[in-house]
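A.B. asks: Per the numbering used here, residue 2 is the first one in the sequence shown, and the count goes up by one each step. In this text, a Cβ means the ideal position worked out from N, Cα and C, and glycines have one as well. Sharing a structure below in structure tokens format, with a few things to ask.
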Amino acid sequence: MISFLIFLGVFLFMECVTWLTHKYIMHGLMWYFHADHHQPKYEHTFERNDIFFLIFATPSIVLFYFGVQGGMNYLFFIALGITAYGFCYFMIHDVLIHQRFKWFKNTKNKYLVGLRKAHKVHHKHLGKQDGECFGMLFVPFKYYKI
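Laid out in structure tokens, this is it:
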């Protein structure tokens, strides 16, 4: 039971980490890597912004290693929470919102439509200032109205 609570707590905490990282790192210190993601039409398969995948994956990989070496201890479940959040982020951000893969083009689900609306509002700002809606899985309720 404690393993599941660790996993769930880390998964939920990752939304806070994502919001803070997106607002203060991606739209701050590391804007150079994130800027191409805010361009209306990006011509390449990969963006400089994709470096953040590696940045977020690295602690998870290290924690998986030490979690398994320690006999499937709490570090493993922390890594599992980070990885599960990363998978959800990928599915929401890259697949649903930006359609980098054309898997869920015509969803009518209010929650998923709300996520798309909030992210579109975020992308209306092409620069690093004046941004809004920095989260991914939890966005203001006003975006869920169809």
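Let me confirm a value: residue 2 is counted as buried when at least 16 other C-beta atoms fall within 10 Å, else exposed. Which label applies?
C.D. replies: Along the sequence shown, read from residue 1 onward, the residue named residue 2 stands at position 1. By the neighbour-count rule (16 or more Cβ atoms within 10 Å), residue 2 is not buried but exposed.
A.B. asks: Among the residues of its own chain, which have a CB less than 8 Å from the CB of residue 148, if the five just before and after it don't count?
C.D. replies: Shown here, the chain extends from 2 to 147; a query on residue 148 therefore has no answer.
A.B. asks: So, at 7 Å on beta carbons, what are the nonlocal neighbours of residue 84 in its own chain, with the 5 sequence-adjacent residues on each side left out?
C.D. replies: By 1-based counting over the sequence shown, the position of residue 84 is 83. Once the five neighbours on either side are set aside, the close Cβ partners of residue 84 are 61.
A.B. asks: Since residue 52 and residue 78 are thought to touch, with beta carbons under 8 Å apart, how far apart are those beta carbons, to the nearest angstrom?
C.D. replies: Within the sequence shown, the letter at position 51 stands for residue 52. Within the sequence shown, the letter at position 77 stands for residue 78. No, residue 52 and residue 78 are not in contact; Cβ-Cβ is about 27 Å, not under 8 Å.
A.B. asks: Alpha carbon to alpha carbon, how far is residue 115 from residue 108? Give it in angstroms, no decimals.
C.D. replies: Taking the first residue of the sequence shown as 1, we reach residue 108 at position 107. Taking the first residue of the sequence shown as 1, we reach residue 115 at position 114. Between residue 108 and residue 115, the C-alpha separation is close to 11 Å.
A.B. asks: Return the chain-ordered list of same chain residues with a C-beta closer than 8 Å to the C-beta of residue 122, the five sequence neighbours on each side being excluded.
C.D. replies: Mapped onto the sequence shown, residue 122 falls at position 121. Hits under 8 Å: 133, 134, 144.
A.B. asks: Going by the CB atoms, is the gap between residue 57 and residue 87 shorter than 8 Å?
C.D. replies: Locating residue 87 in the sequence shown gives position 86, where the first residue counts as 1. Locating residue 57 in the sequence shown gives position 56, where the first residue counts as 1. Result yes, Cβ atoms of residue 87 and residue 57 sit closer than 8 Å.
A.B. asks: Return the Cβ separation of residue 124 and residue 45 in integer angstroms, given the expectation that the two are a contact with Cβ distance under 8 Å.
C.D. replies: As a working mapping, residue 124 is identified with position 123 in the sequence shown. As a working mapping, residue 45 is identified with position 44 in the sequence shown. In fact, because the Cβ distance is near 18 Å, the residues do not count as touching under 8 Å.
A.B. asks: Compute the beta-carbon to beta-carbon distance between residue 113 and residue 138, rounded to the nearest angstrom, for a pair I have assumed lies under 8 Å.
C.D. replies: Locating residue 113 in the sequence shown gives position 112, counting from the first residue. Locating residue 138 in the sequence shown gives position 137, counting from the first residue. Contact flag wrong, Cβ pair sits at about 11 Å.
A.B. asks: On the CB-based measure, 16 or more other CB atoms within 10 Å of its CB, does residue 8 come out buried or exposed?
C.D. replies: Translated into the one-based positions of the sequence shown, residue 8 becomes position 7. Buried: at least 16 other Cβ atoms inside 10 Å.
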